[in-house]
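Numbering (the numbering used here), first residue to last: 2 to 389.
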């Protein structure tokens, strides 16, 4: 048995000396010979000048005793990497791959943009609008539903205008309103809209936004707002021959309310604004106001027994707006010399006895007379002195 064991060991040693390991990925490589390494020698390969044809690549011949040598593993790994690289000289295939990757990237970008748009839309609907954004939205609704829509819906228009006015008490909001073209939109409604309720509401919005707001008044002057309101008051008189604007019917409540609101708006645009005062004088504003006072009184006197004659309260509201306007101008800007002449002193004096029963009118006339008597020495105010 010992002899057989010795013979087996000798045969194994003899066979192992001639054993060669070939890279399994390149079994068809060139034959051995001069390229085969001897035991202990390093197989040197020119990587820079190698041919990519696998049939011409050299095999790695390694003796089984070299497996434990670290350099063997590195040599085998480099050889495998070189032979596994795909050739890059096919430009058509390369362009096709780039095109596929570009299309895929484009699709991913579109999905990302769509997702972001959904997020923004969610935030816009869930987060509350700022006051400026709400004003802008209301103006858009007014333009689309009121100005650009032939199927006029006065109910929706009045609701939008009422909400809009809630924001315009704040000066900065009113300025933003002007920057958005709000004054132009309102003036267009006053001049052109067919329903008087909407015209009245739009005039009210102009006056509310502009009063005590010098910055917004600059926008108002740029679109001739004062001139247009004066023009409307002049041509809407029942005695006017101009048919370009509907005449005010003093038998109708909504018409009388429209007159009162136009006068109040003109007052808001004019008070304590030098440019507005000049426009008021150039367009004979005080004469227009006086004519309306006379028109209202003549209407009530001539129609005392008319069944459609409105209550005295409606007449008083219109007259009160005119007298308040005149008194404010005299008190706040006496240097303008407006509403200080014989006819206006007569108007104020005529309301003295009547004003004793009406607190508001009494305050208006007293404020006017204080300036008229003490600063301008108005002789027509003597009736007031006789009643002391």
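Ideal placement from N, C-alpha and C gives every residue a C-beta, glycine not left out.
{"Check": "Contacting residues, own chain, Cβ-Cβ under 6 angstroms from residue 281 (five flanking each side not counted)", "Outcome": "271"}
{"Check": "4-residue-minimum alpha helix (DSSP H) runs that sit fully inside the region 120-167, ordered along the chain", "Outcome": "132-143"}
{"Check": "Stretch-stretch touch, CB-based, cutoff 8 angstroms, three pairs: the region 241-251 with the region 202-216", "Outcome": "no"}
{"Check": "Beta-carbon proximity list for residue 172, same chain, < 6 angstroms, skipping 5 on both sides", "Outcome": "214"}
{"Check": "Exposure label - residue 303; buried when at least 16 CB within 10 Å", "Outcome": "exposed"}
{"Check": "Length of the line joining the Cα atoms of residue 112 and residue 106", "Outcome": "10 angstroms"}
{"Check": "Backbone CA spacing between residue 146 and residue 154 [nearest angstrom]", "Outcome": "7 angstroms"}
{"Check": "Span separating the alpha-carbon of residue 315 from that of residue 294", "Outcome": "13 angstroms"}
{"Check": "Where residue 370 falls, given that 16 or more other Cβ within 10 Å makes a residue buried", "Outcome": "buried"}
{"Check": "Outcome for residue 121 when other beta-carbon atoms lying within 10 angstroms are tallied against a minimum of 16", "Outcome": "exposed"}
{"Check": "Residue 188, buried or exposed, once every other Cβ within 10 Å from all chains shown has been counted against 16", "Outcome": "buried"}
{"Check": "Cβ contact (3+ pairs, closer than 8 angstroms) linking the region 157-173 and the region 129-140", "Outcome": "yes"}
{"Check": "Which listed residue (229, 340 and 237) has its alpha carbon closest to that of residue 327", "Outcome": "340"}
{"Check": "Neighbour-count burial assignment, residue 237, 16 or more Cβ in a 10 Å radius", "Outcome": "buried"}
{"Check": "Which of helix, strand or coil DSSP assigns to residue 396", "Outcome": "Because the chain in this structure spans residues 2 to 389, residue 396 falls outside the shown range and cannot be described."}
{"Check": "Cβ distance (whole Å) where residue 161 is taken to contact residue 143 below 8 angstroms", "Outcome": "5 angstroms"}
{"Check": "Member of 338, 223 and 317 whose CA lies at the smallest distance from the CA of residue 260", "Outcome": "317"}
{"Check": "Where residue 350 sits in the DSSP three-state scheme", "Outcome": "helix"}
{"Check": "Beta-carbon proximity check, residue 373 vs residue 330, cutoff 8 angstroms", "Outcome": "no"}
{"Check": "4-residue-minimum alpha helix (DSSP H) runs that sit fully inside the region 217-288, ordered along the chain", "Outcome": "226-236, 254-271 and 275-283"}
{"Check": "Inter-residue Cα distance where the pair is residue 365 and residue 337", "Outcome": "19 angstroms"}
{"Check": "CB of residue 320 within 8 angstroms of CB of residue 256, strictly", "Outcome": "no"}
{"Check": "Closest by C-alpha distance to residue 180, when choosing among 202, 217 and 203", "Outcome": "217"}
{"Check": "From 97, 104, 201 and 335, residue whose alpha carbon lies closest to that of residue 477", "Outcome": "Residue 477 is absent from the structure shown; the chain starts at 2 and stops at 389."}
{"Check": "The alpha helix (DSSP H) enclosing residue 316, as first and last residue numbers", "Outcome": "313-333"}
{"Check": "Residues near residue 391 by beta carbon distance below 8 angstroms, same chain, minus five either side", "Outcome": "The structure shown has nothing for residue 391, since the chain only spans 2 to 389."}
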